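Residue numbers (UniProt numbering): 1 to 87.
Quick reminder that beta carbons are idealized off the backbone N, C-alpha and C, glycines included.
All values reported here derive from a predicted model rather than from experimental measurement.
Structure first, then comments.
Shown next as structure tokens:
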């Protein structure tokens with residue numbers, strides 16, 4: 001059985017992370033590959049709003065050129081990025 005950290009701890013870790021677009025891109029690439037190997041056909045992820053929106057737009061264009069379908073939504077608190085490869 002997995003043990004979950006508390007929400008306060010998760011919030012603290014998020015605040016400390018402050019990842020950049022290159023780190024986000026690297027993690028997303030690994031996330032896509034891992035999920036494809038498990039038989040999944042999409043990944044859904046949240047990006048922090050402190051990432052530069054224009055950097056995310058470049059990433060989305062890159063993914064689209066590779067054949068992925070992207071659903072992107074901007075909210076006040078986060079960016080939602082859904083990446084599909086089998087539709």
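Item	Value
What alpha helix (DSSP H) runs, 4 residues minimum, are completely inside the segment 21-52?	21-37
Suppose only complete runs of 4+ residues qualify. What are the alpha helix (DSSP H) ranges in the segment 49-82, listed by chain order?	53-65
Is the beta carbon of residue 3 sitting closer than 7 Å to the one on residue 44?	no
Where DSSP assigns a beta bridge to residue 4, which residues make up the other side?	Per DSSP, none; premise fails for residue 4.
If you compare alpha carbons, which of 35, 39, 71 is closest to residue 47?	71
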